[in-house]
Amino acid sequence: MTDVSIFTRIMQGEIPADIVYQDDDCICINDIAPKAPVHVLLIPRTPITRLVDATAEDQALLGRLMLRAGEIAKQLGIGDAFRLIVNNGEQAGQTVFHLHLHILGDKRFTEGNLGF
Ligand code: 5GP
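Throughout the sequence shown, residue numbering follows the working numbering, covering 15 to 130 in sequence.
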């Protein structure tokens, strides 16, 4: 049996979360342990495990996620300066194995400080 990710459980309403945005493709929630004043997670409803597991079939979805990320950043007032991060694999810091984009902002990101 495939493990159901914590993000799928949030989407199914089993676990509470602070929802910033949602549509048929994705959900955006505040990160439970924010690394910046604004730190949200944009998560596709399709449970792609890691970015490298995405296929050509996911191409349109991935494109829509990028557009949503920009729109959500603007809505959150950080459209002029934010970071978009995808951790791929445990050694890169991925802890939830359901693809998600971190959107971080309202913080001064300096060279050598990934802010994450
Ligand atoms: P990763 O380390 O996989 O790139 O990012 C996972 C993120 O999910 C972390 O920043 C972590 O704080 C966040 N997170 C883990 N569990 C929960 C949860 O139950 N609710 C919310 N809102 N965020 C979570």
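Yeah, the Cβ is synthetic: ideal placement off N, Cα and C, and Gly gets one too. Note that the coordinates shown come from a computational prediction; the quantities given were computed from them, not determined experimentally.
(request) Write down every uninterrupted run of the alpha helix (DSSP H) in the stretch 31-99 whose length is 4 residues or greater and which is fully enclosed by it, in chain order. (result) Taking 4 residues as the minimum length, the alpha helix (DSSP H) runs contained wholly in the stretch 31-99 are 73-89, in order along the chain.
(message) So, with DSSP's three-state summary, where would you put isoleucine 29?
(response) The count along the sequence shown starts at 1 and reaches residue 29 at position 15. Coil at isoleucine 29, not helix or strand.
(request) Locate the beta strand (DSSP E) running through leucine 115, then write down its first and last residues. (result) In the sequence shown, the residue the question calls residue 115 occupies position 101. Leucine 115: member of the beta strand (DSSP E) spanning 115-119, first to last residue.
(request) Check whether the Cβ atoms of isoleucine 33 and isoleucine 41 lie closer than 8 Å to each other. (result) Taking the first residue of the sequence shown as position 1, residue 33 is located at position 19. Taking the first residue of the sequence shown as position 1, residue 41 is located at position 27. Their beta carbons are under 8 Å apart, which means isoleucine 33 touches isoleucine 41 by this criterion.
(message) Please identify the residue among Ile62, Gly93, Leu56 and Ile92 whose C-alpha is closest to the C-alpha of aspartate 17.
(response) What you label residue 17 is simply residue 3 of the sequence shown in a count that begins at 1. For the options Ile62, Gly93, Leu56 and Ile92, the alpha carbon positioned closest to that of aspartate 17 is the one of Ile62.
(request) Say yes only if the C-beta of glycine 107 is nearer than 7 Å to one or more non-hydrogen atoms of ligand 1, and no if none qualify. (result) As a first step, residue 107 must be located in the sequence shown, where it is residue number 93. The answer is yes for glycine 107.
(message) Pop quiz: leucine 11 and leucine 79 are said to be a contact at Cβ under 8 Å. What is the actual Cβ separation, rounded to whole angstroms?
(response) Residue 11 lies beyond the residue range present for the chain, which begins at 15 and ends at 130; the question has no answer from this structure.
(message) Looking at valine 52: is its Cβ nearer than 8 Å to the Cβ of isoleucine 92?
(response) Residue numbering aside, residue 52 sits at position 38 when the sequence shown is read from its first letter. Residue numbering aside, residue 92 sits at position 78 when the sequence shown is read from its first letter. Cβ distance < 8 Å, so valine 52 and isoleucine 92 count as in contact.
(message) Distance check for aspartate 94 and threonine 22, CA to CA, integer angstroms please.
(response) By 1-based counting over the sequence shown, the position of residue 22 is 8. By 1-based counting over the sequence shown, the position of residue 94 is 80. Straight-line Cα distance between these residues: approximately 30 Å.
(message) If I measure Cβ to Cβ from isoleucine 20 and keep anything under 8 Å in the same chain, skipping five residues before and after, which residues do I get?
(response) As a first step, residue 20 is located in the sequence shown; it is residue number 6 there, counting from the start. Excluding sequence neighbours, isoleucine 20 sits near Ile29, Val110 and His112.
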